[in-house]
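Participant: Take a look at the following structure, please.
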Amino acid sequence: MYLYSLTLQRATGAVCAVIGSFSGRDTKKSAASGSASTQEIAVARGSTLDLLRPDPETGRLRTLLSVDVFGAIRSLAQFRLTGATKDYLVVGSDSGRLVILEYSPDRNRFDKVHQETFGKSGCRRIVPGQLLAVDPKGRALCIAALEKQKLVYVLNRDAAARLTISSPLEAHKSNTLTFSLTALDCGFDNPIFAAIELEYAESDRDPTGQAANQAQKLLTFYELDLGLNHVSRKASEPIDNGANLLVTVPGGGDGPSGVLVCCDNFVLYRNQGHPEVRAVIPRRADLPAERGVLIVAAATHRQKNLFFFLLQTEYGDIFKVDLEHSGETVTELRIKYFDTIPVTSATCVLRSGFLFAASEFGNHALYQFRDIGRDADVESSSATLMETEEGFQPVFFQPRPLKNLMRIDEIESLMPVMDMRVANLFDEETPQLFTACGRGPRSTLRILRPGLAISEMARSMLPAEPIAVWTVKKNINDMFDAYIVVSFANVTLVLSIGETIEEVSDSQFLDTTHSLAVTLLGEDSLMQVHPSGIRHIREDGRVNEWRTPGKKTITKVGSNRLQVVIALSGGELIYFEMDMTGQLMEVEKQDMSGDVACLAIAPVPEGRQRSRFLAVGSYDNTIRILSLDPDDCLQPLSVQSVSSAPESLLFLEVQASVGGEDGGDYPANLFLNAGLQNGVLFRTNVDMVTGQLSDTRSRFLGLRPPKLFPCMVSHRQAMLCLSSRPWLGYIHQGHFLLTPLSCDTLESAASFSSDQCSEGVVAVAGDALRIFTIERLGETFNETAIPLRYTPRKFVILPKKKYIAVIESDKGAFSAEEREAAKKECLEASGAAENGNANNGDPMENGDGQEDGAEEGNTFPDEQYGYPKAESERWVSCIRILDPRSRDTTCLLELQDNEAAVSICTVNFHDKEHGTLLAVGTAKGLQFWPKRTLAAGFIHIYKFVSDGRSLELLHKTQVEEVPLALCQFQGRLLAGVGSVLRLYDLGKRKLLRKCENKLFPKTIVSIHTYRDRIYVGDMQESFHYCKYRRDENQLYIFADDSVPRWVTAAQHIDFDTMAGADKFGNIYFARLPQDISDEIEEDPTGGKIKWEQGKLNGAPNKVEEIVQFHVGDVVTSLQKASLIPGGGECLIYGTVMGSVGALLAFTSREDVDFFSHLEMHLRQEHPPLCGRDHMAYRSAYFPVKDVIDGDLCEQYPSLPADMQRKIADELDRTPGEILKKLEDIRNKII
Amino acid sequence: MQASDRFNINSQLEHLQAKYVGTGHADLTRFEWAVNIQRDSYASYIGHYPMLAYFAIAENESIGREHYNFMQKMLLPCGLPPERDED
């Protein structure tokens, strides 16, 4: 079995982010005011690197570029050489290499400027890559590992102003851990790097534990002597043992230099030879006393004469840190409560007054500063620091609604996908993906549909059902459209576009008939084609009318800016051209053999008089290309036969290769698109010279014949295909994508551009006129989110009613009633005591729980503030029944008594008394450290009541371990209870044990069944294949895996095969060899005799791993499904970082050969951006086997044209054929 | 040192031990071995961000806290070292 792996939705979480002027371009605005260039945000999302640009006008973030780097990005830094205007991006990854990238805005890609190898690949303890610091003046950078190694590179420029990099200088120290690394801002003095270090050598040797107790974290300064080209450990000073993060303090005239040391509960200011300035981080009043407050993200804001830091704690509170200083002496450090936003993995302050917050889980956000925290608020300062016998006196505060920040944009993130199912619950054309995402109060159940989201701007009712719509400009140089013309069955309605859209009658358009086409002709005249003629409206208001001869009527029209072709009833073609004086002149006539089905003229090429190609579709299932050149006018150039009569034709120019933002240098390819009557979209390449057709591709779009309309998407020509649902064909980052739109059937559409909406679409559907814009281009899915209460663990779809049952549980949180009570108490308390007053030492038990945001608006939602923290051994959990159509929760059972739901399944017991029941496995008092312990495990059996909308507990059975897996099997319930597989039957009071097997190695995490086989996934030991013998009532293992796999997800593929994913980011298929499988099936004892002779504690037979692939992300769910109607099944997976991917099995050997060769060439010719070897990455834990990486193959279109040709030659194909292959295989998946 | 010495197995091992922390040797104790494994594991958890997130979800802590905890655990990953026999 060979598989093609394709990421459908790239990772949406964020590992780290930096801000810089990577394009080095000035915005129009800032160029005028003379200020600095635009800023972009580089975001690492695991194995992809994204470049985002905030649009200061709309306040939205736009993805400029997203590159798959086939490696794990662990750190990013940005720097600029003195005097330059452009920033470079430094990437620390698992490649054992340092990579410096430069963004090229013209070609819209990252160029690798330097790649310096320093160590082995992989995320290792002593190979640098985890920590990265760059001198603020861009003179040197330091890359460090968690232990021992630090390498310093000197950056410079050569005579041609190119960046140069030195060989590395070592600053290693053995047996030393590095917690954080940063560069000091010391102007143009020698660059200095600061690190938090901890030495462990002594502790390892001292059995008394004294050395470990005395282990002291050190703040170490490394100075790079630029003159001597040498790094020295300049100073090493003890610091607070809770230190975890360093933040550079501006220096060199702008500030005092030095570093902020963020520690558990404190922030310190330190510099060489400067006394420590310490201030305590204010605590949330409801925080349990044993919990510390740790800073997890930091951002610095710098402008002239002002700098401050925004530090975010692990609870989401942001503090503004100010330094009072005179010269290089810091006198006071103030920490003031700023605002609370969801916990981030990185925050960036933009100069334009925005804050980008990359959330660690859930959606990212862009905030705008309303204020910079100048008002009085809870504040702690080094000046008022109080030390008592019990330590430093804390300061308390209560989170409050946002005051300084305002959220203006949100970027969807699925991170983490906890569980996923593909099903068509809404009876739509394609199935939906149901994903349980997020954590804690920000959890959601998201319904993903393949396609682009639209946002409707206007919708108005029309008097009748229109059949077509057009928009026209009055002049070719106009920015915006002037009219919307709507044609009904026998009238035409003209609407003018202004502040509002209203009907006009002075447009000179003929309104007493229906229209066939309305366009701008030449520079500034308008044309309306109606059944009985052509009406040409000149700019000065003169109207020329051409009438059809005799009783013939015009049936079809094709036109571009200068040429018009009409087809008369009976099959006569008449060709018009616009002459120099702006007159529309008849040029040629031609009789076609039969009626014309559709017509299209290619757009006029730049700098030409006319386009050469006319496409004519006929009812005899052919498309002809006719010439429009004067010497062979209307003579056929080529013919293409198609599977069904064409309904609509459109020429579209497609950039063959990646172009820059401004179009690029590559020649465009002309594509002829045809919507056929059988619902297929047919695309073929038209040779620009001969008009020959080649490289045909077809795709089924829907049940109605697709009608094609041109439109504009990000300033480029795109195509709307209206079938039973609308599709958009457009170019995104060098790829041509054909994606469905998430809206209902449209009749006709046209592009729309006005003051309010620069790139929209106007469409008619039914009797409505709709104006909408298309959002989030490049995304594969659009989502609808349903909020949940706690982290969703698993869910099942209840097949009959199409409801969803979700189990949610959270560790270390208060139950809903407790939160409710605490909130009440807090409200009462806030009346008496002023917010945040620290009147006594012991923290009050306060909370601010609010359920589903349904309460009155005086409190703030938990989604923003998180649940109050409880003791870590407490659990809260609930079981929810959800109606996905109405998005209502029909039943919510909160579990009591510290119980947490861990597994769920539906089960039909064979006595059929109750019908379908819901089984939920729970654990009471579950703890992970130091070992997994629990008070008790339970299996709850629920009965569905009130038409499946609600649950009623039937009974509860205690078990001795955590029941992590449940599954129905032959009218009974199979449960994996710890390491025991047990078969239960339903009793009156509890479940009845029928049979068990205790021979599983660790903990059972998944159970799948097929016929009499049971496939069990073990937490650490991969799959075990079992059989149940009914006559002997025995469960036994007949085969297992020889590889220790930490199974996180499993899916049954066929009788002998299981697909699994492990904790380290691998997907694998385990298959029982055919002969062994046959032997077991034929054996009257079912392999049991052999099983009794099992050797070395294992099963007698071993499964083989037939497929192996490193995804690079923890896969949490696997599902076999088909995402397109009539498509083959593929394996869909969801990951912790919020990506969704698919593995498709190849059906022909030829394709396997082709793609493996393409992959091989791409590995050689186009190695991954961050220096990781592609093959090594995909084989990070086990050698990759029989999987072709589609993500690498899909980078082919982004190669330079000559490289594309070179690879194509090696493969004995043309680049067009390769692109077609790539498109075809993608279309088989989605 | 003679040229041939450079290639003998012992000097190669010494070189490896100096260069790569955690390279084993004949007298390695069970404790030392375990400590190395644990430190390598923690470093791997920290380096692989999805894994760190996976732990963070299980423990309902922030990823930053989980990172810090793992770093702290690298000091004494297996508790105190056993008493050594004096010889």
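Chains as they are written, first to last, in the UniProt record's numbering: chain D, 1 to 1230; chain Z, 1 to 87.
Ideal Cβ placement from N, Cα and C applies to all residues, glycine included.
Remember, it's a predicted structure, so these values are computed and weren't measured experimentally.
What does K1002 (chain D) touch in chain Z if you count any residue whose Cβ is under 8 Å from its own?
Facilitator: What K1002 (chain D) touches in chain Z: nothing, since even the nearest Cβ is about 16 Å away.
Participant: Would you say T1135 (chain D) lies against chain Z (beta-carbon separation less than 8 Å)?
Facilitator: So, interface residue.
Participant: Once you ignore the five residues that flank residue 1231 (chain D) on each side, which residues in its own chain have a CB closer than 8 Å to its CB?
Facilitator: Nothing can be reported for residue 1231 (chain D), as the shown portion of chain D is limited to 1 through 1230.
Participant: Taking C-alpha atoms, which residue in D:T1147, D:G119 and D:R1163 lies nearest to K1228 (chain D)?
Facilitator: Cα-wise, what sits closest to K1228 (chain D) is D:T1147.
Participant: Answer with yes or no whether the minimum CB distance from D1012 (chain D) to chain Z is below 8 Å.
Facilitator: No, D1012 (chain D) lies away from the interface with chain Z (no Cβ there is under 8 Å from its Cβ).
Participant: Give me the chain D residues within the contact set of E59 (chain Z), using Cβ-Cβ distance strictly less than 7 Å, ordered along the chain.
Facilitator: Result: K811 and F928.
Participant: Which chain Z residues sit within Cβ distance under 9 Å of K148 (chain D)?
Facilitator: What K148 (chain D) touches in chain Z: V21.
Participant: Taking 7 Å as the cut-off, is the beta-carbon of A14 (chain D) closer than that to any non-hydrogen atom of the ligand FMN?
Facilitator: What this structure holds is no ligand at all, so the ligand FMN is not there to describe.
Participant: Would you call the segment 227-238 of chain D and the segment 251-269 of chain D in contact, with 3 or more CB pairs under 8 Å?
Facilitator: Touching, no, given that fewer than three Cβ pairs across the two stretches are closer than 8 Å.
Participant: What does the alpha-carbon distance come out to for the pair C16 (chain D) and G760 (chain D)?
Facilitator: Roughly 34 Å between the two C-alpha positions.
Participant: Between which two residues does the alpha helix (DSSP H) holding C1193 (chain D) run?
Facilitator: Looking at the DSSP string, the run of the alpha helix (DSSP H) that includes C1193 (chain D) is G1190 to C1193.
Participant: Spatial neighbours of I625 (chain D) within its chain, please: C-beta separation below 6 Å, excluding the five flanking residues on both sides.
Facilitator: Within the same chain, I625 (chain D) has close Cβ partners F613, A615, L637, S638 and G691.
Participant: Between D:L516, D:T384 and D:D427, which has its C-alpha nearest R449 (chain D)'s C-alpha?
Facilitator: Answer by Cα proximity: D:D427.
Participant: Which one or two residues does DSSP pair with A627 (chain D) in a beta bridge?
Facilitator: It is worth fixing the name first, because residue 627 (chain D) is Ser in this sequence and not Ala. DSSP, once it has assigned bridges, lists D:F613 as partnering S627 (chain D).
Participant: Under 8 Å by Cβ, that's how I've got D40 (chain Z) and G22 (chain Z) pegged, so tell me the actual separation to the nearest angstrom.
Facilitator: Contact flag correct, Cβ pair sits at about 6 Å.
Participant: What are the start and end residues of the beta strand (DSSP E) that includes W875 (chain D)?
Facilitator: Segment W875 to D883, the beta strand (DSSP E) holding W875 (chain D).
Participant: Can you tell which of D:F1069, D:K956 and D:A975 has its C-alpha closest to the C-alpha of V962 (chain D)?
Facilitator: Among D:F1069, D:K956 and D:A975, the Cα nearest to that of V962 (chain D) is on D:A975.
Participant: Under 6 Å Cβ to Cβ from P476 (chain D), same chain only, skipping five residues before and after it: list those, please.
Facilitator: For the sequence presented, residue 476 (chain D) should be read as Ile rather than Pro. E523.
Participant: Return the residues of the segment 185-206 of chain D that lie within a Cβ-Cβ distance of less than 8 Å from chain Z, sorted by chain order.
Facilitator: Per Cβ criterion, the list reads L198, Y200, S203, D204, R205 and D206.
Participant: Helix, strand or coil, according to DSSP, for N69 (chain Z) in the structure here?
Facilitator: In this structure, N69 (chain Z) counts as helix in the three-state DSSP scheme.
Participant: Give the secondary structure of Y865 (chain D) by DSSP, where H, G and I count as helix, E and B as strand, and everything else as coil.
Facilitator: In the structure shown, Y865 (chain D) sits in a helix (DSSP, three-state: H, G or I).
Participant: Using the three-state DSSP reduction, which class does G558 (chain D) fall into: helix, strand or coil?
Facilitator: Strand.
Participant: Using the three-state DSSP reduction, which class does V1214 (chain D) fall into: helix, strand or coil?
Facilitator: Here residue 1214 (chain D) is Thr; the residue named in the question, Val, does not match the sequence. Coil, per DSSP.
Participant: Would you kindly report the start and end of the unbroken beta strand (DSSP E) that includes P740 (chain D)?
Facilitator: That run of the beta strand (DSSP E) goes H735 to P740.
Participant: Contact between the segment 965-973 of chain D and the segment 908-926 of chain D: three or more CB pairs below 8 Å?
Facilitator: With the cut-off at 8 Å, the segment 965-973 of chain D and the segment 908-926 of chain D touch.
Participant: Over the uninterrupted alpha helix (DSSP H) stretch that includes N908 (chain D), give me the two end residues.
Facilitator: Per DSSP, N908 (chain D) belongs to no alpha helix (DSSP H); it is in the beta strand (DSSP E), E899 to N908.
Participant: If you reduce the DSSP assignment to three classes, tell me which class W929 (chain D) lands in.
Facilitator: Of the three classes helix, strand and coil, the one that applies to W929 (chain D) here is coil, per DSSP.
Participant: How is Q1074 (chain D) classed by DSSP in three states: helix, strand or coil?
Facilitator: Here Q1074 (chain D) sits in helix by DSSP.
Participant: Against A297 (chain D), what residues of chain Z qualify as contacts under a CB-to-CB distance less than 8 Å, listed in chain order?
Facilitator: The contacting residues are G64.
Participant: Taking just the CA atoms, how far does E290 (chain D) sit from D377 (chain D)?
Facilitator: So the two alpha carbons sit approximately 25 Å from each other.
Participant: Could one say the Cβ of G24 (chain Z) lies closer than 8 Å to chain D's Cβ atoms, at least one of them?
Facilitator: No, G24 (chain Z) lies away from the interface with chain D (no Cβ there is under 8 Å from its Cβ).
Participant: Ends of the alpha helix (DSSP H) at T19 (chain Z)?
Facilitator: Before going on, a small fix: residue 19 (chain Z) reads as Lys here, not Thr. First-last of the alpha helix (DSSP H) with K19 (chain Z): I9 to K19.
Participant: Apart from the five residues on each side of it in sequence, which residues of its chain come closer than 6 Å, Cβ to Cβ, to G660 (chain D)?
Facilitator: Reliability of the predicted coordinates at G660 (chain D) is poor, the pLDDT of 42 falling under 50, and the value obtained from them is presented with this limitation in mind. Same-chain partners within the cutoff: D106, R107 and N108.
Participant: Are three or more beta carbon pairs between the segment 412-426 of chain D and the segment 1132-1145 of chain D nearer than 8 Å?
Facilitator: With a cut-off of 8 Å, the segment 1132-1145 of chain D and the segment 412-426 of chain D count as touching, because enough Cβ pairs lie within range.
Participant: Taking Y200 (chain D) as the reference, which of D:K869, D:Q216, D:V945 and D:L1162 has the closest Cα?
Facilitator: Considering only alpha carbons, the answer is D:Q216.
Participant: Of all the alpha helix (DSSP H) runs that stay within the bounds of the segment 1118-1198 of chain D, which reach a length of 4 or more residues?
Facilitator: DSSP runs (the alpha helix (DSSP H)) wholly in the segment 1118-1198 of chain D: 1149-1165, 1174-1178 and 1190-1193.
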